[in-house]
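Participant:
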Amino acid sequence: MNKIYLLIAAIFFAAGVGVGVLISSNLGGKGASSLSEKYSAPDTFQAGWDAAKKKVEETPYIPAATGQEEVKSIKGRIAAVSEGQITIEARLFNPLDDEKLKFRTVKIDENTEIIIREDKDMEAVRTEQEEYNKKMDEFRQGKITVMPEVPEVNTEKKAAIQDLKEDDVVTVESTENIREALEFKASKIVVR
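Numbering of the sequence shown is given in our numbering, commencing with residue -1 and proceeding in unit increments.
(1) Express the C-alpha separation of residue 122 and residue 167 in angstroms, rounding to a whole number.
(2) Name the DSSP beta bridge partners of residue 74, please?
(3) Hey, out of 131, 6, 116, 101, whose CA is closest to residue 157's CA?
(4) Rounded to whole angstroms, what is the Cα-Cα separation between residue 76 and residue 89?
(5) Which stretch, first to last residue, makes up the beta strand (DSSP E) that contains residue 153?
(6) Taking a contact to mean a Cβ-Cβ separation below 8 Å, would you say residue 162 touches residue 54 in this structure?
(7) Taking only three categories from DSSP, how would you classify residue 116?
(8) What distance in whole Å lies between the Cβ atoms of residue 125 and residue 181, which are believed to be in contact at a cut-off of 8 Å?
(9) Quick check on the burial criterion: 16 or more other C-beta atoms within 10 angstroms. Buried or exposed for residue 151?
(10) Return the first residue and the last residue of the beta strand (DSSP E) that residue 141 is part of.
(11) Buried or exposed for residue 110, going by 16 or more other Cβ atoms inside 10 Å?
(12) With a CB to CB cut of under 7 Å and the five nearest residues on each side skipped, what residues in its chain are close to residue 177?
(13) DSSP state of residue 163, grouped into three classes?
(14) Could you confirm whether any beta carbon from chain B is found closer than 8 Å to the beta carbon of residue 156?
(15) Have a look at the DSSP bridge pairing and note the partners of residue 105.
(16) Under the three-state reduction of DSSP, which class applies to residue 177: helix, strand or coil?
(17) How is residue 111 classed by DSSP in three states: helix, strand or coil?
(18) Return the CA-CA distance between residue 72 and residue 171, expressed in angstroms with no decimal places.
(19) Looking at C-alpha atoms only, which residue of 87, 114, 86 is the closest neighbour of residue 189?
Structure, rendered in structure tokens:
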């Protein structure tokens, strides 16, 4: 009787091993000898890096630019001011961009427009808003024919490079694509 139990156990063991081998060979990629063949990808670091970059760019919750469109303005903090240029520290457009792009040298010349934008006094803004509301009522009633302009909450004044200071928050515009530029010429700088 014991021999029958041993024979049955041996048959079930052999059947289990056989089924396991068949299943594992089918799950292994049907002839693919490596992961790169299984997923049709080159087996290189660059391919992995490019795939990760593409995945990050396609992820909707990460506000990253795709790397294909031109960038002509950047916002950042002034890290240094020197003769004819500033260095700004800015956020990367894409988290996988070269870390060197966090610091950019911005050339400034006589054609660069520099504007300092400041908030108006709140009492002045309130007075202007009340005057605007009165004129809008008159416009709606037909008492005046020209629609009044919406009051501004900021004032802007022209400035020079000497007015720029470290830690100022700036928006820098250029006429060229600055997406991957470590150094570029500014056409306009707005200090906020």
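All residues carry an ideal CB built from backbone N, CA and C; glycine is no exception. Computed from a predicted structure; not experimentally measured.
Facilitator: Put simply:
(1) 25 Å
(2) 88, 168
(3) 116
(4) 12 Å
(5) 152 to 157
(6) no
(7) strand
(8) Incorrect: roughly 46 Å between the Cβ atoms, too far for contact.
(9) exposed
(10) That residue, residue 141, is in no beta strand (DSSP E); it is neither H nor E in DSSP.
(11) buried
(12) 68, 69, 91
(13) coil
(14) The structure shown has no chain B; it contains just one protein chain.
(15) 83, 183
(16) coil
(17) strand
(18) 7 Å
(19) 114
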